[in-house]
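Colleague: Before anything else, here's the structure in question.
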Amino acid sequence: MTRQKNVSDTGLTFEEIFRDYGKGLYSFLYSMCGNQHDAEDLTQETFLSVMNKLPTFKGDSSLKSWIYAIAVNKFRDSLRYGRIREYKQLSGEEPASLQSPLSELVSRESAEKVKTAFYALADHHRTSFALVRFEGMSYKEAAQVLGTTLDTVRMRVHRAHILLAEQLKEH
């Protein structure tokens, strides 16, 4: 098993990391919390942590998995301490500059139904689903990000599919 080099050994700068992961991370966080303001705050908090912890990155996982794990923890902390303003934004348009994976999933006329069903999922189902389906992570990467087992992520994504299908069938 080949271990990745420490980020500082690869010569990557913080600016390069932000350029490579910033937009995708913001999109992921937007799909999780459902509003632009909280997604911006969480993205900023995540990259502040990345900047501070970058020298300690050992390469046990991919850089992307490591960054997303920090983001998921920031999101969970925000939920726990009530810092997410409105858990979902079901009315209004998303900013034109944001191409949310959730928006791309469906046509405009059914987007509200899908958003409602998506945000009705339990946090662990929504997070697992978003990492695998929206962010394109493998189940293994998502398990690393979430600090859980591969089978747990598979089960959560599968269950999220079932719950979404049930919710959308009712409407």
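Per the numbering used here, numbering of the sequence shown is gapless, rising by one per residue and ending at 868.
Here a beta-carbon is modelled for each residue, glycine too, at the ideal position from N, C-alpha and C.
Quantities reported herein were computed from a predicted structural model and do not represent experimental measurements.
1) Thinking Ser825 and Arg853 are a contact (beta carbons under 8 Å), I'd like their distance in whole angstroms, please.
2) Do you know how far the Cα of Phe715 is from the Cα of Val747?
3) Let me check understanding here. Comparing Cα to Cα, which of Glu742, Lys750, Thr753 lies closest to Ala768?
4) Between Asp774, Pro752, Ile859, which lies nearest to Leu739 when the distance is taken from Cα to Cα?
5) Return the Cβ separation of Leu726 and Phe772 in integer angstroms, given the expectation that the two are a contact with Cβ distance under 8 Å.
6) Starting from Phe744 and walking both ways along the alpha helix (DSSP H), at which residues does that stretch end?
Modeller: The relevant details are as follows:
1) The count along the sequence shown starts at 1 and reaches residue 825 at position 128. The count along the sequence shown starts at 1 and reaches residue 853 at position 156. The Cβ separation is near 4 Å, so the contact holds.
2) Numbered from 1 along the sequence shown, position 50 holds the residue referred to as residue 747. Numbered from 1 along the sequence shown, position 18 holds the residue referred to as residue 715. The alpha-carbon atoms of Val747 and Phe715 are separated by roughly 9 Å.
3) Locating residue 768 in the sequence shown gives position 71, counting from the first residue. Ala768 has its Cα closest to that of Glu742, out of Glu742, Lys750, Thr753.
4) Taking the sequence shown and counting its residues from 1, one reaches residue 739 at position 42. Taking only the C-alpha atoms, the option nearest Leu739 is Asp774.
5) Counted from its first residue, the sequence shown places residue 726 at position 29. Counted from its first residue, the sequence shown places residue 772 at position 75. Contact holds; Cβ gap of about 7 Å.
6) Counting from 1 along the sequence shown, the entry for residue 744 is found at position 47. Run containing Phe744: 733–750, per the alpha helix (DSSP H) assignment.
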